[in-house]
Amino acid sequence: MQEKQLRTLIEDVREGKLPRRGFIQQMVGLGLSAPMASMLLMHAGVANSQAIVNYKPTKRGGGGTLKALWWQGTTLLQPHFASGTKDQEGSRIFYEPLGSWDADGNLVPILAAEVPTRENGGLSPDGKVVTWKLKKGVTWHDGKPFTADDCVFTWEYARDPATAAVTSGTFKDVKVEKVDSHTIKVIFPKPTPFWATAFCAAEGMIIPKHLFADYIGGKSREAPTNLKPVGTGPYKFVDFKPGDMVRGEINMNYHMPNRPFFDAIEMKGGGDAVSAARAVLQTGEFDYAWNLQVEDEVLKRMEANGKGKAYIVPSGDIEFIQLNPTDPVTEVDGERSSIKTTHFAFSDPKVREAMALLADRQGIQEFVYGRTGVATGIFLNNPPKFKSPNNKFEYNVDKAIAILEAAGWKKGADGIREKGGKKMKFVYQTSINGIRQKEQAIVKQAAQKAGIDLELKSITASVFFSSDVANPDTYGKFYADMQMYTTTMTQPDAERFMDQYRTNEISSKANKWQGRNIVRFRSEEYDKLFSAAEAELDPVKRVALFVQMNDLVIKSGYIIPLISRPRVRGAALKLVTQLTGWDLDFSGLHNWYRETSA
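All residue numbers for the sequence shown refer to our numbering, where the first residue is 31 and numbers rise by one.
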């Protein structure tokens, strides 16, 4: 479809000449997903359709205890320090944003009275100002009223460099002003097509000013509420044992009618993905299990027991390998993997090219993931319109050997390649998980054939994905030659996903290793493309910019995509959830309920 035709259709929707559903159906027919079609309309300032939620309970409470299993245990309950999904999910039980994303890519109001649009005056014509009207009558769990002051404070808190918030990138470049007690303005420095960042979804959870005001900046880690949350969510805090259990009880003053259904929630941590799947699908001990990164054949056998079902939810999540461009051993100014250093082998583009050829992606898909993953050579895989046609992947050990030979990396007497006295011995780390250890073994076997020695390191997930500044084994520090994990796409737009390769997001000691650019990728061209995309109001041109960014990252060779991962979750047969591939699992927790027998 030509750009002119696309823009005409968008205007037809705006003017009411074409139903929104009709537009989405046409886009799906052209190969876009429904979320991507919704994004095109959102970028053009067209109002969302009202999401229809099939929620049956007619009263609040009465549902007993919801037992959820997160095999990566939550380690903190402060959403602005949550660098891993497990901590964001634990926080989301108690804290809420203004809006969240549903399965179709629609922005749904949570603490907002409505989603800003051009029609309701919420979006300025120049794309620089978003006006949010807040829901009235909402109270914090301690009874204090939720107001615009809490939103303004959350912005001040997260953007303060001394706070060292993981969410600083979302808030630092915007200005937030209070209009009245229940209205705020978010002001962007330039026209901003994807404005639903600050106060939205996983990184937009709002914290109470009256409890955090004394702990902004350098004292941020001292706040008692970091471990004992007081939010506006459907459940109130009861108890927390880091890495083990989060308990909440029903919020009888919750701001949505007849919600929540459950009287209490238990979020159990620990174990592994296989045991989590078994506890829901096979034994029925738990109602829900997160992130079932389990071999597909195993899942099918468990489902046959009839206690639960595996849900496969489309998303933009990607399992990938990072090659460290810095030196993970040498310490400079108190930190290893400093950008002031270079890696002895991976600084050679030929080595990076060879490493990509040693990843048997198709084999990993066929023999490990099955229906739960698709082999890919692309980092940005979803929504489909963002998918680059320019990246092919290949598994070829002989070709990798030829490249290394030509680059001067010769085998020594021990069979390991070396150059300039440096041997190709690399530490390859990831979290402890059955599938991940199989992936490591597959890559190691190919590398061994090519004369490369990989030392496989497996770290407990709650440690690997933690934001513990003192721990050397966190993925944010990247004190290894290679590492592998899944990065999640928490919104149906590429901006917050692709900002993890911006230079100003590099993870370092200076930002307590909270920066999103964990691989320390640096490219002036990339930064320019990202800045252009941030301000490009034309949705078609904006997509093209993100495709270019994906291609730059892949061409660099520091990133080796493996598997495009839909989200795989397990739920008891009678549990009704509201799962989405574009936000947290618990983003729709207030709508969860259990069906009763007729």
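Glycine included, C-beta positions come from ideal geometry on N, C-alpha and C.
1. For K239, does the three-state DSSP call read helix, strand or coil?
2. Can you name, in chain order, every residue of its own chain whose Cβ lies under 6 Å from the Cβ of E233, other than the five neighbours on each side?
3. Once the 5 residues before and after Y187 are set aside, which same chain residues still bring their CB inside 8 Å of it?
4. With H, G and I counted as helix, E and B as strand and the rest as coil, what does DSSP make of A540?
5. Taking only runs of the alpha helix (DSSP H) that begin and end inside the region 152-206, which ones reach a length of at least 4 residues, in chain order?
6. Here's a check: name, in chain order, each residue in its chain whose Cβ is nearer than 8 Å to the Cβ of G403, leaving out the five neighbours to either side.
7. I need the boundaries of the alpha helix (DSSP H) containing S305, first residue and last residue.
8. What's the call for S211, buried or exposed, on a 16-neighbour Cβ count within 10 Å?
9. Compare the C-alpha of G114 against each of T518, V570 and F527 and name the closest.
10. Write down the C-beta distance between V310 and A601 rounded to the nearest angstrom, noting that I regard them as a contact closer than 8 Å.
11. Return the chain-ordered list of same chain residues with a C-beta closer than 6 Å to the C-beta of H620, the five sequence neighbours on each side being excluded.
12. For K571, name the three-state secondary structure that DSSP assigns.
13. In whole angstroms, what is the alpha-carbon distance linking T161 and A67?
14. Which first and last residues belong to the alpha helix (DSSP H) in which Y125 is found?
15. Using the DSSP secondary-structure output, state which residues sit across from D269 in a beta bridge.
16. At what residues does the alpha helix (DSSP H) containing S345 begin and finish?
17. Report back the beta-carbon spacing between I482 and R447 to the nearest angstrom; my notes put them in contact at under 8 Å.
18. Between the Cα of G397 and those of E525, E325 and G545, spot the shortest distance and give me the residue it belongs to.
19. Based on the DSSP output, what are the partners of D357 in its beta bridges?
20. Once you ignore the five residues that flank E383 on each side, which residues in its own chain have a CB closer than 7 Å to its CB?
21. Look at the alpha carbon of A628 and the alpha carbon of G167, and state the distance between them as a whole number of angstroms.
22. Does DSSP put Q459 in a helix, in a strand, or in coil?
23. Can you give me the start and stop residues for the beta strand (DSSP E) that D483 sits inside?
24. Quick one: grab the DSSP three-state call for Y505.
25. Assuming A303 contacts N283 (C-beta within less than 8 Å), just tell me the rounded distance between them.
26. What residue range does the beta strand (DSSP E) around V216 cover?
27. Thinking C-alpha only, which one of E365, P355 and A386 is nearest F374?
28. Output the boundary residues of the beta strand (DSSP E) element that contains S130.
29. Alpha carbon to alpha carbon, how far is K474 from V499?
30. What are the partner residues of P591, as DSSP defines its beta bridges?
31. For D293, which residues of its own chain have a beta-carbon under 8 Å away from its beta-carbon, when the five flanking residues on both sides are left out?
32. Could you tell me the alpha carbon to alpha carbon distance between L567 and N580, rounded to whole angstroms?
33. Taking 8 Å as the threshold, find out whether the region 408-419 comes into contact with the region 448-458 through three or more Cβ pairs.
34. Apart from the five residues just before and just after D42, which ones in its own chain have a Cβ nearer than 7 Å to its Cβ?
35. List the residues that DSSP assigns as beta-bridge partners of G600.
36. Which residues share a DSSP beta bridge with Y623?
In short, the structure shows the following:
1. Helix.
2. Here the set comprises T197 and T200.
3. So the list reads H110, T193, A195, I237, F242, I246 and S250, once near-sequence residues are dropped.
4. DSSP places A540 in the helix class (H, G or I) of the three-state scheme.
5. Here the runs fully enclosed are 178-189 and 198-201.
6. Contacts found: E349, I394, Q395, I593, S594, R595 and P596.
7. That run of the alpha helix (DSSP H) goes A303 to A307.
8. So S211 counts as exposed.
9. Of the candidates T518, V570 and F527, the one whose C-alpha sits nearest the C-alpha of G114 is T518.
10. With a Cβ gap of about 7 Å, V310 and A601 count as contacting.
11. Around H620: P264, M286, R289 and P290.
12. The three-state secondary structure of K571, taken from DSSP, is helix.
13. T161 and A67: Cα-Cα distance of roughly 24 Å.
14. Segment: none, Y125 is in no alpha helix (DSSP H) and carries neither H nor E.
15. Looking at the DSSP output, D269 shares a beta bridge with R277.
16. No alpha helix (DSSP H) holds S345; the beta strand (DSSP E) holding it covers G338 to L353.
17. Right, their Cβ atoms sit about 6 Å apart.
18. Reading the sequence as shown, one finds Phe at residue 397 and not Gly. From the listed residues E525, E325 and G545, the smallest Cα separation to F397 is found for E325.
19. Paired residues: S368.
20. Cβ within range, chain order: I433 and G587.
21. Any reading at A628 needs caution, since the residue's pLDDT is 41, under 50, leaving its predicted position unreliable; the model's value is listed next. Cα to Cα, A628 sits roughly 36 Å from G167.
22. If DSSP states are grouped into helix, strand and coil, Q459 belongs with the strands.
23. Counting along the chain, D483 sits inside the beta strand (DSSP E) bounded by residues D483 to I489.
24. Here Y505 sits in coil by DSSP.
25. Not really, about 36 Å apart at Cβ, beyond 8 Å.
26. Taken as a continuous stretch (DSSP letters only), the beta strand (DSSP E) holding V216 covers T213 to I217.
27. If we check each option's Cα against that of F374, P355 comes out closest.
28. First-last of the beta strand (DSSP E) with S130: G129 to W131.
29. Those two C-alpha atoms are separated by around 30 Å.
30. Paired residue(s): F350.
31. So the qualifying residues of the chain are G91, G92, G93, G94, T95, E279 and I280.
32. Distance between L567 and N580, taken at the CA atoms: about 20 Å.
33. For the pair of segments examined, the region 408-419 was found not to touch the region 448-458: the number of CB pairs separated by less than 8 Å stays below three.
34. Here the set comprises L48.
35. Paired residue(s): A319 and A340.
36. DSSP lists V606 as partners of Y623.
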